[in-house]
Structures are given as structure tokens and as C-alpha cells.
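Novice: Sequential numbering of the sequence shown, starting at 1173, is according to my numbering.
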Amino acid sequence: MIVLFIAMTVGLLAWWFLLPTATFLRGFAGLIEGSDYRIASLITHRPRVSGRFHGRAVVLQLHQPGENRYGVLELLMETSAAPGARWKDSAIVSRHPEIGRATFDLEGKYSLVLTLSGGWLRASSSPLGVRFPGPFDAEKWENVLTQMETVAVWLESVASR
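1. Relative to the C-alpha of L1293, which residue among N1315, V1230, R1198, I1174 is closest?
2. Cα separation between A1324 and A1310?
3. Among the residues of its own chain, which have a CB less than 6 Å from the CB of M1249, if the five just before and after it don't count?
4. Should I1204 be labelled buried (16 or more other beta-carbon atoms within 10 Å of its own) or exposed?
5. Measuring only the C-alpha atoms, how far is H1235 from Y1209?
6. Can you tell which of A1295, L1288, G1238, S1283 has its C-alpha closest to the C-alpha of L1317?
7. Does DSSP put T1287 in a helix, a strand or coil?
8. With a threshold of 6 Å on Cβ separation, who are the neighbours of G1206 within its own chain once the five nearest residues in sequence on each side are excluded?
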């Protein structure tokens, strides 16, 4: 009887902590085309969703929190922009209000850290809370994808000049 109680308790705790991740992944998968999500990788602490957003490859990776580390949410969008582009330069951004708005939304409003390397525009965050990564907000994440695409397109146009 005690073994059954322990097994049920462990099962309920696993469900309590893993359900938000599974819900988040399914919700995000609904925003992208041809999505492939790997919920089984919850065991390895690296669940992910991949697919395409308006033709661009997109990958969402969740690095689950653990002992001595925060959880990290990482969203990558493929771009052919040259590395080292000065896209965070305020003098450049001030002449392109759509980029200023996009970077403000991504970094200011949504607290994402943007970087560009290896052909990927990367947005990362370490959301804090008891249940990582927190509730899924379709409107927010659709806007994040749209704003990242705006930045990626602009970076590619700057590189081609």
C-alpha cells in the first residue's frame, strides 16, 4: 500500500512539473508550419519544437531548470544575415522605426536577449517561476515570431546592400 502511495505521489509530482512544458510545446507547435515537437526529450531536460514560420526554419528549445541552473527558453530563427551586423546600433535603428519597434518588443516588452550568430537569430530568456516555462500565451509568441522575422528580413536586406 505504501509503495502504491509513493508511486502515485511521484507520478503526480512529475505531472505537476511536466504538464506546463508539454502544454507550452503543443501551443507553440500550433504557431508554426510542419511542426515536430519532442516531448519525450523531457527526460533529457531538452524538449524542443521545430518547424517553419513564413518559410524560415524555427527551433524552440527549453533547457529545463535543475540543480544549480536556471531554466532557459531559447528561440532560434534561421537567417542569411552576415554575422557581426550592427543591428543594435541606435543610430541605425533610429532610421528604421520598424526595427526599433521589433527590438523593443522582443527585448523590452518580452525580456528576451537577442543575438545573431551562425545563421540564426536567437532570442533567449530565463523565466522564473515554480512551473517552467510558465503559461503559453499564443498572442505573445505569435508576435515574437513576427518581430523576429521583421529583424531577420531587415538584417538580410542590410547585408545585401
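We treat Cβ as the ideally placed atom computed from N, Cα and C, and that holds for glycine.
Specialist: In short, the structure shows the following:
1. Here residue 1293 refers to the residue found at position 121 when the sequence shown is read from its first residue. It is V1230 whose Cα lies nearest to the Cα of L1293.
2. Position 152 of the sequence shown holds residue 1324. Position 138 of the sequence shown holds residue 1310. When rounded, the distance between both Cα atoms is 21 Å.
3. The residue you call residue 1249 lines up with position 77 of the sequence shown. Answer for M1249: R1228, V1230, L1293, M1320, A1324, listed in chain order.
4. Walking along the sequence shown from the start, residue 1204 turns up at place 32. Under this definition I1204 is a buried residue.
5. Translated into positions along the sequence shown, residue 1235 becomes position 63. Translated into positions along the sequence shown, residue 1209 becomes position 37. One C-alpha to the other measures close to 14 Å.
6. Here residue 1317 corresponds to residue number 145 of the sequence shown, with the count starting at 1. Minimum Cα distance to L1317 is reached at A1295.
7. For the purposes of this step, residue 1287 is taken as residue 115 along the sequence shown, with counting starting at 1. Reduced to three states, the DSSP call for T1287 is strand.
8. Position 34 of the sequence shown holds residue 1206. Excluding sequence neighbours, G1206 sits near G1223, R1224.
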